[in-house]
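Numbering (the numbering used here), first residue to last: 74 to 473. Working notes, beginning with the structure itself.
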């Protein structure tokens, strides 16, 4: 049996720098003579995504900067320390490069590419990167930060065995996520079946506006260094893909000199919109909130909408803003394709179909039933995640 050694990451791979390009070279549309560039926003904890790409002239990308199967793409620089160090494996050769704020680690023959990639998903890797960032107060990773990481390296057959076990456990997690996504897609289909396309309005529902049925209030802006009053708050990061939020136990707290005015606190069935964010996909997201008796406020990057009459139901509105045609209306209805924020005026100007109150309530009941199924699936997904984390720990500590 071969001895297990600990090696530097730099001994196991080649580190490549990203593509530099000028803003004038980049375009959001795929066209002849251009190739896609992946950036930090394309790196997720579940792998690479291919949304929100930019494209640059072919000449900007060297042959070695095209992504290859087995590469590990890492977010090396970001304004957010949470983003620095995010990593994802490249599954297949891609006719795409990667941006200058990213790095690629290309494994050599000393290590199995799958085993190597799994190392960068471990909690120990994340802790090390967080420690480096916090200790040096940095928001970028230098070559030596990655090269000097240490990884336990068994024989190649053993690496492949471990990678296979982790791949199978990860596939189970992916199946759980896919099942939850299917339920979300089912809800979108139910919405269209019950109410029709909200833009073309084939059912002929009366058209209203949000400001005619309720009131808006922008969120709370607060500064660092305040103290005296502590309160939970909803930030943009709490939206994720939710249509509703009723568990506030994981929300962050803010410190204020004084408690905010009463109308800054959320009520059951209030709706929150993402007002502004660097990620265009998040802008305009909407969710209903149900804080119960808990005192919860919300970020200045959000807008609160409070319904004033029963002809409009919060569950209906939340899912209206999730529908693809309605989101397209928000961003292309005279606001321009590059909109990065919305405001009360934009929201007030949107044509809102107002279906029968009874039909809205029927839809809310369906949402509740499907939500119960999603909770069951989320619990199963949490168990899969815990199993995967345990296997990762065993794998890279020599116990798997």
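Even for Gly, the Cβ is constructed at its ideal location relative to N, Cα and C. If you're wondering where the values come from, they're calculated on a predicted model, not measured in any experiment.
According to the DSSP assignment, residue 304 belongs to the beta strand (DSSP E) that extends over 302-307.
Residue pairing by DSSP places residue 130 opposite 107 in a beta bridge. In the structure shown, the three-state DSSP call for residue 458 is helix. DSSP links residue 287 through a beta bridge to 380. Excluding its 5 nearest sequence neighbours in each direction, residue 336 has C-beta neighbours in its own chain below 8 Å: 290, listed in chain order. Of all alpha-carbon atoms in 432, 328, 219 and 244, the one lying nearest the alpha-carbon of residue 278 is that of 432. Counting C-beta atoms within 10 angstroms of its own C-beta, residue 370 has 16 or more neighbours from the protein chains shown and is therefore classed as buried.
Where residue 360 is concerned, the enclosing beta strand (DSSP E) starts and stops at 359-362.
Look at the beta carbons and you see the segment 185-197 not touching the segment 166-173: under three pairs across the two are nearer than 8 Å.
Taking every protein chain shown into account, the CB of residue 144 has 16 or more other CB atoms within 10 angstroms, so this residue is buried.
The DSSP-derived three-state label of residue 343 is strand. Close CB contacts of residue 275 within its chain, under the 6 Å cut and outside five residues either way in sequence, are with 269 (chain order). Residue 122 sits in coil when the DSSP states are folded into three classes, being neither helix nor strand. In the structure shown, residue 398 falls within a helical segment according to DSSP collapsed to helix, strand and coil.
Its chain contains 274, 424, 425, 426 and 427 as the residues whose beta carbon lies nearer than 8 Å to that of residue 280, once the 5 sequence neighbours on both sides are disregarded; these appear in chain order. In summary, residue 360 is buried, with 16 or more beta-carbon neighbours lying within 10 Å of its beta-carbon over all protein chains present. In the DSSP assignment, residue 78 falls within the beta strand (DSSP E) that extends over 78-81. Residue environment analysis places residue 413 among the exposed positions, since fewer than 16 neighbouring C-beta atoms fall within 10 angstroms of its C-beta. Residue 388 sits in a helix when the DSSP states are folded into three classes. Taking C-beta atoms as the reference points, residue 94 and residue 109 fail to come closer than 7 Å. Spanning the alpha carbons of residue 198 and residue 81 requires a straight line of approximately 13 Å. The C-alpha of residue 422 is placed about 7 Å away from the C-alpha of residue 282. Burial check for residue 388: the Cβ neighbour count within 10 Å reaches 16 or more, so the residue is buried. Spanning the alpha carbons of residue 384 and residue 378 requires a straight line of approximately 15 Å. If you draw a straight line from the Cα of residue 203 to the Cα of residue 115, it is about 20 Å long. Distances from the alpha-carbon of residue 341 to those of 194, 434 and 363 put 363 closest. For residue 102, same chain residues with a beta-carbon under 8 Å away, outside a window of 5 residues either side, are 128 in chain order.
For residue 443, the three-state secondary structure derived from DSSP is helix.
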